[in-house]
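Peer 1: Dropping the structure in here first, questions after.
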Amino acid sequence: MAPAARCLPALVGSVRAGFPSPAEDLGAQAIDLTQVLITHPQATFLLRARGTSMVEAGIFDNDILVVNRALQPRHRHIVVGVGECEFTVKTFTRPPAGIRLQAANPAFADIVPVPGQSLEIWGVVTAAIRQFVA
Amino acid sequence: MYALIDGNNFYVSCERVFRPDLNGRPVVVLSNNDGCAISRSNEAKALGIRMGAPWYQIRPMAQSHGLVALSANFALYGDMSDRMMSLLAAWGPRQEVYSIDECFVDLTGMPGELTQHGHHLREQLLQWLGIPCGIGIGPTKTLAKLANVIAKTAELQPGRYPAHLAQVCHLGALSQEALRDILAATEVGDVWGVGRRLSAQLGSCGIHSALDLAQLDPAAVRRRWSVVLERTVRELQGVASIELEESGSGKRQIAVTRSFGQPVTALSDLEEAVTVFASRAAEKLRRQHGAAAQVLTYIRTSPFRQAAQYSHSSVVPLQRPSADTAAIVRAALAGLRAVYRPGFSYAKAGVLLLDLQASSVQQAEFGFDADVPVHPQGGRLGKVLDRLNRRYGQDTVFLASAGLGGARRVWSMKQEHRSPRYTTCWKELPVAHA
Numbered sequence: 000m001a002p003a004a005r006c007l008p009a010l011v012g013s014v015r016a017g018f019p020s021p022a023e024d025l026g027a028q029a030i031d032l033t034q035v036l037i038t039h040p041q042a043t044f045l046l047r048a049r050g051t052s053m054v055e056a057g058i059f060d061n062d063i064l065v066v067n068r069a070l071q072p073r074h075r076h077i078v079v080g081v082g083e084c085e086f087t088v089k090t091f092t093r094p095p096a097g098i099r100l101q102a103a104n105p106a107f108a109d110i111v112p113v114p115g116q117s118l119e120i121w122g123v124v125t126a127a128i129r130q131f132v133a
Numbered sequence: 000m001y002a003l004i005d006g007n008n009f010y011v012s013c014e015r016v017f018r019p020d021l022n023g024r025p026v027v028v029l030s031n032n033d034g035c036a037i038s039r040s041n042e043a044k045a046l047g048i049r050m051g052a053p054w055y056q057i058r059p060m061a062q063s064h065g066l067v068a069l070s071a072n073f074a075l076y077g078d079m080s081d082r083m084m085s086l087l088a089a090w091g092p093r094q095e096v097y098s099i100d101e102c103f104v105d106l107t108g109m110p111g112e113l114t115q116h117g118h119h120l121r122e123q124l125l126q127w128l129g130i131p132c133g134i135g136i137g138p139t140k141t142l143a144k145l146a147n148v149i150a151k152t153a154e155l156q157p158g159r160y161p162a163h164l165a166q167v168c169h170l171g172a173l174s175q176e177a178l179r180d181i182l183a184a185t186e187v188g189d190v191w192g193v194g195r196r197l198s199a200q201l202g203s204c205g206i207h208s209a210l211d212l213a214q215l216d217p218a219a220v221r222r223r224w225s226v227v228l229e230r231t232v233r234e235l236q237g238v239a240s241i242e243l244e245e246s247g248s249g250k251r252q253i254a255v256t257r258s259f260g261q262p263v264t265a266l267s268d269l270e271e272a273v274t275v276f277a278s279r280a281a282e283k284l285r286r287q288h289g290a291a292a293q294v295l296t297y298i299r300t301s302p303f304r305q306a307a308q309y310s311h312s313s314v315v316p317l318q319r320p321s322a323d324t325a326a327i328v329r330a331a332l333a334g335l336r337a338v339y340r341p342g343f344s345y346a347k348a349g350v351l352l353l354d355l356q357a358s359s360v361q362q363a364e365f366g367f368d369a370d371v372p373v374h375p376q377g378g379r380l381g382k383v384l385d386r387l388n389r390r391y392g393q394d395t396v397f398l399a400s401a402g403l404g405g406a407r408r409v410w411s412m413k414q415e416h417r418s419p420r421y422t423t424c425w426k427e428l429p430v431a432h433a
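In order, the protein sequence lines correspond to chains A and B.
Letter by letter, the first sequence follows residues 0 to 133 in numbering that gives the first Met the number 0.
Letter by letter, the second sequence follows residues 0 to 433 in numbering that gives the first Met the number 0.
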């Protein structure tokens, strides 16, 4: 037998008599959450939210934040900013509103850089994931 | 054209991505067991801390100069490396991952201006990953590697080289004259493959600069020194003589070795350690679809202690090349029992898988022992082990001879200053204050 003749296509699923599984013909992939949540895998990191300053933006204590560093932060994006020695998650605003990191909870003050100080943004928060039952 | 890209002070840079407060401060990352400095920030280098400096020697600088020391966090560095390498792989048709923080990329056929590309790529790595890197480009691997050294030196020591070569240096884009000047200003010891010994030998023959070496006659170099140095000379002359080794070919050796947190004397403790090392090595082997034919196991006492010294290894061949955890652990334990002598305080053990081959190649013996199961890929058990451990975290399922002590095992590593495994462990995600 010629070597080429031995190459049979791989079969998906087992062969059985009776009603064939309708799923085998479609060749469909199961839905994968990461496809939607992570568009730039190399630049995406997961962070844990701690605190209540962003509750009105829908971010609660213990949420998992999907943070994409490949995106350029735009006005009103929720971002992770670099505080003095910690990360902080806030809404980013730029002129004319003024460059600041805004809390989404009236109980918290905004972070406004003092003149001469730059505001460092670590990444853009593209999603918050909250799990009710593990 | 080839590019050599490497992350600057890679381990420290990985730590700084998640600890921005470490920017501008002297930082070192310590080897296994907090032994010595294996990565240094520029600030730490400026303090005169040398590569490999023992921690106990530099420890006082924590007080006096605010030196921060961190235990090596290879889970983090490995993940950041994967991200970096996969971005860089897209730059050219072929890539050779040379180490955890550097790779060669073959740029053959890539359109556009390569220096400019290099700068873009560097910016992208900095923004996406937070890792600063140096890029060297040249017509051969040796010249790309040299260009990388020049890119770094031009950045850190302004004045040594023309400023436009900092961060991204493309030697292939220079005029013949400019290239000569650069090579003349570069010590021969900076050339890839020229170690300290060889550069001293060359120096005594009046060969001091990279240019001196490049101007030698390759045939004469082969007669006087070696084929290896001849290849280096040809490469410096722009003749590609060292092939790119693509990552697909796999590593030729897999090693899992550790120093123990404290001296170990009992055979049973060593058996646990060796089981863990051999299991991990088998897992690595399966990941690259390889099979090993030989398993080397070694144990040794600490050369830094005033006690009886012992160091011995043994190689146990496998009946058939295999990636089966059980077979590899069995061989490693047999090797251990062969070399173990009671009465010594062991400080280190290691398992090396040798004589690696692709698992698709199978050579079975004729007839004699048809009852020995053939599991070149570790069989179904290996696959299940790997899947469980990948999904639920390392050491979810393991062979019982690894012991059940977890991190409390006598031989477990000392890692007093390890940062969280930010990117590989759900329980250790970085925190963003809301």
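For glycine and all other residues, C-beta sits at the position ideal for the given N, C-alpha and C.
What residue from B:32, B:60, B:102 has the CA that sits closest to residue 72 of chain B's CA?
Peer 2: B:32
Peer 1: For the alpha helix (DSSP H) that residue 320 of chain B lies in, which residues bound it at each end?
Peer 2: First-last for residue 320 of chain B: 310-321, but that is the beta strand (DSSP E), not the alpha helix (DSSP H).
Peer 1: Beta-carbon within less than 7 Å of residue 48 of chain B's beta-carbon, same chain only, minus the 5 sequence neighbours each way: which residues are those?
Peer 2: 27, 36, 39, 57
Peer 1: Rounded to whole angstroms, what is the Cα-Cα separation between residue 74 of chain A and residue 112 of chain A?
Peer 2: 16 Å
Peer 1: Short check: CB of residue 210 of chain B to CB of residue 232 of chain B, under 8 Å?
Peer 2: no
Peer 1: Quick one: using the 10 Å Cβ neighbour count with 16 as the cut-off for buried, is residue 14 of chain A buried or exposed?
Peer 2: Low confidence applies to residue 14 of chain A: its pLDDT is 48, below 50, so where it sits in the model is not reliable enough to give any reading.
Peer 1: Just to confirm my understanding: we take residue 414 of chain B, look at its own chain, exclude 5 residues before and 5 after, and list those with CB closer than 6 Å. What are they?
Peer 2: 70
Peer 1: By the criterion of Cβ-Cβ separation under 7 Å, what are the contact partners of residue 55 of chain A in chain B?
Peer 2: The contacting residues do not exist; residue 55 of chain A stays about 11 Å from chain B at best.
Peer 1: Name the residue from B:174, B:16, B:158, B:54 whose alpha carbon lies nearest to the alpha carbon of residue 125 of chain B.
Peer 2: Restricting attention to B:174, B:16, B:158, B:54, the CA atom closest to the CA of residue 125 of chain B is found in B:16.
Peer 1: Within the 8 Å Cβ cut-off, does residue 20 of chain B reach chain A?
Peer 2: yes
Peer 1: Using the Cα positions of residue 328 of chain B and residue 1 of chain B, report the straight-line distance between them to the nearest angstrom.
Peer 2: 41 Å
Peer 1: In the DSSP assignment, find the unbroken beta strand (DSSP E) run with residue 421 of chain B in it and report its ends.
Peer 2: Careful: residue 421 of chain B lies outside any beta strand (DSSP E) and carries neither H nor E.
Peer 1: Does the segment 102-120 of chain A come close enough to the segment 110-123 of chain B to have 3 or more Cβ pairs within less than 8 Å?
Peer 2: The segment 102-120 of chain A, when compared against the segment 110-123 of chain B, does not touch it at the 8 Å Cβ threshold.
Peer 1: Flag this pair as yes or no: are the beta carbons of residue 432 of chain B and residue 55 of chain A separated by less than 8 Å?
Peer 2: no
Peer 1: Compute the Euclidean distance between the alpha carbons of residue 5 of chain A and residue 287 of chain B, then round it to the nearest angstrom.
Peer 2: Low per-residue confidence applies at residue 5 of chain A: pLDDT is 39, beneath 50, and the placement is therefore not dependable, though the value from the model is reported in the following sentence. Their Cα atoms are separated by approximately 27 Å.
Peer 1: Does the beta carbon of residue 99 of chain A come closer than 8 Å to any beta carbon on chain B?
Peer 2: no
Peer 1: In the DSSP output, which residue or residues are listed as bridge partners for residue 95 of chain B?
Peer 2: Under DSSP, the beta-bridge partners assigned to residue 95 of chain B are B:103.
Peer 1: Please tell me whether residue 269 of chain B and residue 294 of chain B are closer than 8 Å, where the distance is taken between their beta carbons.
Peer 2: no
Peer 1: For the segment 157-172 of chain B against the segment 187-199 of chain B, are there 3 or more C-beta pairs whose distance is under 8 Å?
Peer 2: no
Peer 1: Assuming residue 25 of chain B contacts residue 66 of chain B under a Cβ cut-off of 8 Å, what Cβ separation, rounded to an integer in Å, is found between them?
Peer 2: Yes, residue 25 of chain B and residue 66 of chain B are in contact; Cβ-Cβ is about 5 Å, under 8 Å.
Peer 1: Taking residue 349 of chain B and residue 290 of chain B to be in contact with their CB atoms under 8 Å, please state how far apart those CB atoms are, rounded to whole angstroms.
Peer 2: Between residue 290 of chain B and residue 349 of chain B the Cβ distance is about 20 Å, and since that is not below 8 Å, they are no contact.
Peer 1: Identify, in the order they occur along the chain, each residue of the same chain with its Cβ nearer than 8 Å to the Cβ of residue 0 of chain A, setting aside the five sequence neighbours on each side.
Peer 2: Its pLDDT being 34, under 50, residue 0 of chain A is placed unreliably in this model, and the value from its coordinates should be taken loosely. Answer for residue 0 of chain A: no residue qualifies.
Peer 1: Give the secondary structure of residue 62 of chain A by DSSP, where H, G and I count as helix, E and B as strand, and everything else as coil.
Peer 2: coil
Peer 1: Can you check DSSP and say which residues form a bridge with residue 1 of chain B?
Peer 2: B:105, B:137
Peer 1: Can you name the residues of chain A whose CB is closer than 9 Å to the CB of residue 432 of chain B?
Peer 2: Against chain A, a Cβ distance below 9 Å from residue 432 of chain B picks out 48, 49, 50, 52, 82, 85, 86, 87, 88.
Peer 1: With a cut-off of 8 Å on the beta carbons, I'd call residue 133 of chain B and residue 7 of chain B a contact; round off their distance for me.
Peer 2: 6 Å
Peer 1: Quick check on the DSSP output: the beta strand (DSSP E) that includes residue 194 of chain B runs from which residue to which?
Peer 2: Run containing residue 194 of chain B: none; DSSP gives neither H nor E here.
Peer 1: Which of the three DSSP states is assigned to residue 160 of chain B in this structure?
Peer 2: coil
Peer 1: On the DSSP bridge assignment, give the partners of residue 168 of chain B in chain order.
Peer 2: Answer is B:135, bridged to residue 168 of chain B.
Peer 1: Candidates A:45, A:114, A:39: which alpha carbon is nearest residue 487 of chain B's?
Peer 2: The structure shown does not extend to residue 487 of chain B, since chain B spans only 0 to 433, so no value can be given for it.
Peer 1: How many angstroms separate the CA atom of residue 143 of chain B from the CA atom of residue 136 of chain B?
Peer 2: 4 Å
Peer 1: Taking the alpha-carbon of residue 339 of chain B as reference, which of B:396, B:166, B:313, B:319 has the nearest alpha-carbon?
Peer 2: Out of B:396, B:166, B:313, B:319, B:313 has the C-alpha closest to the C-alpha of residue 339 of chain B.
Peer 1: Listed from N- to C-terminal order along the chain, which residues in the segment 136-165 of chain B have their beta-carbon within a distance smaller than 9 Å of any beta-carbon of chain A?
Peer 2: none
Peer 1: Between residue 300 of chain B and residue 267 of chain B, how many whole angstroms is the CB-CB distance? I'm expecting something under 8 Å.
Peer 2: In fact, because the Cβ distance is near 18 Å, the residues do not count as touching under 8 Å.
Peer 1: For residue 105 of chain B, which of B:98, B:417, B:89, B:118 has the nearest alpha-carbon?
Peer 2: B:89
Peer 1: Among the residues of its own chain, which have a CB less than 8 Å from the CB of residue 133 of chain A, if the five just before and after it don't count?
Peer 2: none
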